[in-house]
Amino acid sequence: MDHSMANRPAFALPTADKAIDQGVTRPWLPAALVTLGTLSSLFGISWDVQWHIDVGPDTFFTLPHLVLYAGSAIAGLTSLAVVLMTTARQRAGRLIDPLVGGRHVRVLGGAFAAPVGYLVSGTGAAMFLLTGLWDMWWHTLYGFDATLSSPPHVSLFLSITVTMAGSVIVYGAAREQRWGRIGMIIAMPVMVAFSMITLAPVKDLPGVVNPQTIGSAFLSLMLLITAAACLRRPGGALAIGLVLAAMQGVLWVYSPWAAHVYAGFVGLPLRDYVEPVPAFPSKLPMFLVLAAASVELVLWRARSRRWPMRWAPLAAGALGGAVVAVCAPLQDLVMTGHGGFDMPPLVATTIGSAAFGVLAGFLGWRFGTMMRGTTATPNTAASTTRPLIEGI
Amino acid sequence: MRRFARSRNLTAAALVALAFGGFTASPALAHAPVTPTTPPGTTYAPVNIVHTERVQAGPYGVTIGFSVWPVHAMQSMDFSFIPDGGIQGKSGQLHVDGPNMPADERVQPLARHPRKRGVWGLDTTALPSPGQWRFGFVIDGPQGRGEGSLATPFTALQQPGPPLALSWSITTIPLLFLVGFIAVAWRRMRPGSAMEPLTA
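Top to bottom, those sequences are chains G and Z. Quick note on numbering: the first sequence equals residues 1 to 392 in the numbering used here. Quick note on numbering: the second sequence equals residues 1 to 200 in the numbering used here.
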């Protein structure tokens with residue numbers, strides 16, 4: 001049975017000799033709006049976490065919450081608009097450009113035609129708003145707890161992560177465009193940064209290894225390699241590492257500043273003991289740029305030596321994972337001025353991170369390949385005997 | 001001068017909002033209780049005390065105030081720690097002992113309650129698990145150092161609401177959507193068949 005993409009009737013593929021009228025004259029605009037939404041979510045959560053730690057009191061209607069919720073609202077409404085425009089084009093019998101969010105799929109039995117990237121980002125936003133209602137109910141039962149890892153909070157974070165995945169797919173579909181590549185090296189670091197907050201529930205797991213470091217290595221390497229596999233251009237992973245470092249720097253300054261300014265605005269004092277290190281930005285892997293450079297190094301060797309890609313991404317993931325683990329105590333040292341390299345847990349965590357890095361490489365390369373498939377032309381997708389995706 | 005500082009704070013807060021959220025005219029903001037004209041006392045819940053316990057820490061007597069009684073696990077509440085004669089000239093540590101208390105939170109400095117600055121306290125704090133809990137104090141003051149803890153631990157009852165297993169199952173719905181989406185795409189695209197070497 002042939003499962004190749006050309007045989008999927010749900011997809012309408014354009015041909016090269018036909019002009020495509022998507023109705024979206026500036027395809028970068030909805031992509032940028034969704035990214036604006038995800039950035040708002042990232043900055044909102046960092047502000048909110050810092051608010052709880054440095055100031056404390058909480059209600060549902062605070063500015064950090066507003067920024068957090070506005071992010072999903074912007075991303076969700078933009079995604080909905082694109083889906084409705086695509087549906088209208090399909091009903092008018094026009095071809096649909098897969099560069100706008102990737103190829104479209106039928107939703108609700110064909111009632112809607114949704115570009116796959118915007119379908120994912122919009123679904124994440126819708127789940128976020130539903131989960132927000134659950135969170136409100138939860139607070140009526142449990143009070144305004146400031147715990148990050150309550151079930152509705154984790155569900156909110158996962159919903160935002162789904163929206164961010166949609167944003168990345170949108171740029172993956174437009175990777176041949178300059179704006180698509182620029183968008184990818186912004187959207188992917190946003191997702192890497194935000195994914196760290198979903199690791200909050202694992203921090204107290206017992207064992208000799210540091211589960212948060214291993215989780216951080218796995219998620220960041222998987223996303224880095226996904227982007228590298230999608231872009232297939234030298235420097236892609238390194239650019240993402242550098243942008244993430246810049247984002248970490250901005251959040252480092254912004255989060256306490258915003259929390260303290262807002263506290264002054266509503267007339268609340270700071271707590272007696274305020275940590276000098278901002279809470280959320282300090283959880284991001286500070287030396288991920290070194291792991292990204294390791295990935296680049298392996299991919300460069302793979303490119304020059306024609307290494308088979310069945311195992312080269314796995315090697316890149318293992319090396320990058322080990323770099324993340326080795327640098328984690330260094331990050332503690334830089335941030336707090338104390339800490340050290342306690343060898344047994346460091347060795348165990350490094351081995352664990354490298355092992356999960358292998359899995360990250362396996363999955364990441366395939367995810368990136370799948371993202372390239374969202375804009376595959378009939379020629380490249382017609383036969384399962386040919387490579388599914390051509391390299392650049 | 002004070003007016004100027006207030007105005008500067010307002011400007012900065014407006015900049016924060018405009019930078020990362022003020023671009024939406026959300027009806028939620030219209031109903032937000034946080035406005036420049038609303039005093040903080042009416043914005044956030046007062047720190048009530050509905051139950052007290054006494055601790056003798058050396059020469060210092062301390063009243064522990066609970067904003068909710070009985071206490072339930074995972075339910076956030078306010079704890080007030082009120083030394084006889086006030087907190088002026090005193091400092092010290094709070095020791096919290098109970099099931100599944102994170103190691104890095106078992107000992108912490110006694111800090112003023114953010115919504116009741118005249119006493120020490122913990123705001124919107126939830127005890128993680130049901131069981132027997134005990135507060136202890138190490139206080140340095142004009143009469144030297146004193147230590148003591150609750151003679152009888154208090155009990156945190158089971159968490160309210162649905163079973164946690166059910167709540168965590170609901171939590172995974174967005175994750176299941178993402179995994180399901182990837183599984184369908186994987187099955188259709190078979191990315192493992194496109195492992196050709198990279199080209200220079």
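Glycine included, every Cβ here is placed at the ideal spot set by N, Cα and C. Keep in mind the model is a prediction, meaning the values are calculated, not measured.
Do you know offhand how far residue i's Cα is from residue j's?
{"i": "Pro162 (chain Z)", "j": "Ala75 (chain G)", "result": "32 Å"}
{"i": "Thr38 (chain Z)", "j": "Leu223 (chain G)", "result": "Confidence is the limiting factor: at Thr38 (chain Z) the pLDDT is only 38, short of 50, which leaves the residue's position unreliable and the question unanswerable from this model."}
{"i": "Pro160 (chain Z)", "j": "Leu242 (chain G)", "result": "45 Å"}
{"i": "Val162 (chain G)", "j": "Tyr171 (chain G)", "result": "15 Å"}
{"i": "Leu284 (chain G)", "j": "His338 (chain G)", "result": "18 Å"}
{"i": "Phe367 (chain G)", "j": "Ser195 (chain G)", "result": "16 Å"}
{"i": "Phe81 (chain Z)", "j": "Val192 (chain G)", "result": "41 Å"}
{"i": "Ala25 (chain Z)", "j": "Leu77 (chain G)", "result": "Because the pLDDT of Ala25 (chain Z) is 32, which lies under 50, any placement of that residue in the model is unreliable, and the number read from its coordinates should be weighed accordingly. So the alpha carbons of these two residues sit roughly 14 Å apart."}
{"i": "Gln167 (chain Z)", "j": "Arg301 (chain G)", "result": "The amino acid occupying residue 167 (chain Z) in the given sequence is Ser; Gln does not appear at that position. Their Cα atoms are separated by approximately 47 Å."}
{"i": "Asp78 (chain Z)", "j": "Ala126 (chain Z)", "result": "9 Å"}
{"i": "Ala259 (chain G)", "j": "Phe60 (chain G)", "result": "16 Å"}
{"i": "Leu205 (chain G)", "j": "Leu99 (chain G)", "result": "43 Å"}
{"i": "Phe218 (chain G)", "j": "Gly357 (chain G)", "result": "5 Å"}
{"i": "Val298 (chain G)", "j": "Pro30 (chain G)", "result": "35 Å"}
{"i": "Pro27 (chain G)", "j": "Lys203 (chain G)", "result": "41 Å"}
{"i": "Asp394 (chain G)", "j": "Ala111 (chain Z)", "result": "Because residue 394 (chain G) is not part of the residues shown, which for chain G are 1 to 392, the question remains open."}
{"i": "Trp51 (chain G)", "j": "Pro102 (chain Z)", "result": "21 Å"}
{"i": "Gly373 (chain G)", "j": "Arg303 (chain G)", "result": "21 Å"}
{"i": "Leu268 (chain G)", "j": "Arg117 (chain Z)", "result": "11 Å"}
{"i": "Phe112 (chain G)", "j": "Leu84 (chain G)", "result": "7 Å"}
{"i": "Glu176 (chain G)", "j": "Thr226 (chain G)", "result": "16 Å"}
{"i": "Gly136 (chain Z)", "j": "Phe66 (chain Z)", "result": "15 Å"}
{"i": "Leu198 (chain Z)", "j": "Gly249 (chain G)", "result": "34 Å"}
{"i": "Pro36 (chain Z)", "j": "Thr86 (chain G)", "result": "Model confidence at Pro36 (chain Z) stands at a pLDDT of 34, short of 50, so the residue's coordinates are unreliable; what they give is reported in the following sentence. If you take the alpha carbons of Pro36 (chain Z) and Thr86 (chain G), they lie about 44 Å apart."}
{"i": "Ala237 (chain G)", "j": "Val266 (chain G)", "result": "42 Å"}
{"i": "Gly321 (chain G)", "j": "Ala81 (chain G)", "result": "39 Å"}
{"i": "Gly264 (chain G)", "j": "Trp257 (chain G)", "result": "11 Å"}
Measure from the alpha carbon of residue i to the alpha carbon of each residue in the options, then state which is nearest.
{"i": "Arg310 (chain G)", "options": "G:Val34, G:Ala360, G:Pro152 and G:Ala31", "result": "G:Ala360"}
{"i": "Ile214 (chain G)", "options": "G:Ala354, G:Trp47 and G:Leu148", "result": "G:Ala354"}
{"i": "Ile140 (chain Z)", "options": "Z:Val50, Z:Pro46 and Z:Ala57", "result": "In the sequence under discussion, the amino acid at residue 140 (chain Z) is Asp, which differs from the Ile named in the question. Of the listed residues, the one whose Cα sits closest to Asp140 (chain Z) is Z:Ala57."}
{"i": "Val466 (chain G)", "options": "G:Cys230, G:Gly264 and G:Ala279", "result": "Not covered by the structure: residue 466 (chain G). The range shown for chain G is 1 to 392."}
{"i": "Val105 (chain G)", "options": "Z:Leu198, Z:Arg190 and Z:Ala185", "result": "Z:Ala185"}
{"i": "Met136 (chain G)", "options": "G:Gly124, G:Ala126 and G:Leu156", "result": "G:Leu156"}
{"i": "Val295 (chain G)", "options": "G:Gly109, G:Ser121, G:Arg94 and G:Trp365", "result": "G:Trp365"}
{"i": "Phe362 (chain G)", "options": "G:Val154, G:Leu108 and G:Pro313", "result": "G:Pro313"}
{"i": "Trp47 (chain G)", "options": "G:Ser304, G:Leu333 and G:Pro281", "result": "G:Pro281"}
{"i": "Asp123 (chain Z)", "options": "G:Val55, G:Val168 and G:Met184", "result": "G:Val55"}
{"i": "Ala126 (chain G)", "options": "Z:Val62, Z:Leu94, Z:Phe177 and Z:Val50", "result": "Z:Phe177"}
Return helix, strand or coil for residue i, following the three-state DSSP convention.
{"i": "Leu94 (chain Z)", "result": "strand"}
{"i": "Tyr60 (chain Z)", "result": "strand"}
{"i": "Ala113 (chain G)", "result": "strand"}
{"i": "Gln90 (chain G)", "result": "helix"}
{"i": "Glu176 (chain G)", "result": "coil"}
{"i": "Phe81 (chain Z)", "result": "strand"}
{"i": "Trp120 (chain Z)", "result": "strand"}
{"i": "Gln50 (chain G)", "result": "helix"}
{"i": "Trp186 (chain Z)", "result": "helix"}
{"i": "Pro109 (chain Z)", "result": "strand"}
{"i": "Phe181 (chain Z)", "result": "helix"}
{"i": "Asp140 (chain Z)", "result": "strand"}
{"i": "Arg310 (chain G)", "result": "coil"}
{"i": "Arg51 (chain Z)", "result": "The sequence given here has His at residue 51 (chain Z), not Arg. Of the three classes helix, strand and coil, the one that applies to His51 (chain Z) here is strand, per DSSP."}
{"i": "Trp133 (chain Z)", "result": "strand"}
{"i": "Ala12 (chain G)", "result": "In this predicted model, Ala12 (chain G) has a pLDDT of only 40, less than 50, meaning its place in the structure is not dependable; the value taken from the coordinates is given anyway. Correct three-state label for Ala12 (chain G): coil."}
{"i": "Gly101 (chain G)", "result": "coil"}
{"i": "Ala81 (chain G)", "result": "helix"}
{"i": "Ala156 (chain Z)", "result": "strand"}
{"i": "Phe66 (chain Z)", "result": "strand"}
Apart from the five residues just before and just after residue i, which ones in its own chain have a Cβ nearer than 6 Å to its Cβ?
{"i": "Gln331 (chain G)", "result": "Met286"}
{"i": "Ile53 (chain G)", "result": "Ala279"}
{"i": "Gly180 (chain G)", "result": "Tyr171 and Ala174"}
{"i": "Gly180 (chain Z)", "result": "none"}
{"i": "Thr375 (chain G)", "result": "Pro98 and Ala173"}
{"i": "Ala73 (chain Z)", "result": "Leu127, Ser129, Pro130, Ala156 and Gln159"}
{"i": "Pro70 (chain Z)", "result": "Leu157"}
To which residues of the same chain is residue i closer than 8 Å at the C-beta, ignoring the five residues directly before and after it?
{"i": "Arg178 (chain G)", "result": "none"}
{"i": "Leu150 (chain Z)", "result": "Glu53, Val55, Ile64, Arg134, Phe135 and Gly136"}
Output needed for residue i: all residues of its chain with C-beta closer than 7 Å, excluding positions within five of it in sequence on either side, in chain order.
{"i": "Val396 (chain G)", "result": "The question about residue 396 (chain G) has no answer here: the residues shown for chain G are numbered 1 through 392."}
{"i": "Glu240 (chain G)", "result": "Looking at the sequence itself, residue 240 (chain G) is Ile, so the reference to Glu does not match. So the list reads Ile185, Met188, Pro189, Leu224, Ala227 and Ala292, once near-sequence residues are dropped."}
{"i": "Leu199 (chain G)", "result": "Gln212, Gly215 and Ser216"}
Could I get the ranges of all uninterrupted alpha helix (DSSP H) runs contained in the region 107-166 of chain G, with 4 residues as the minimum, in chain order?
Whole alpha helix (DSSP H) segments, 4+ residues: 116-142.
Which runs of the alpha helix (DSSP H) at least 4 residues long sit entirely within the region 179-260 of chain G? Give them in chain order.
If we require 4 residues or more, the alpha helix (DSSP H) runs fully inside the region 179-260 of chain G come out as 211-231.
Fully enclosed by the region 279-325 of chain G, which beta strand (DSSP E) runs are 3 residues long or longer?
Whole beta strand (DSSP E) segments, 3+ residues: zero.
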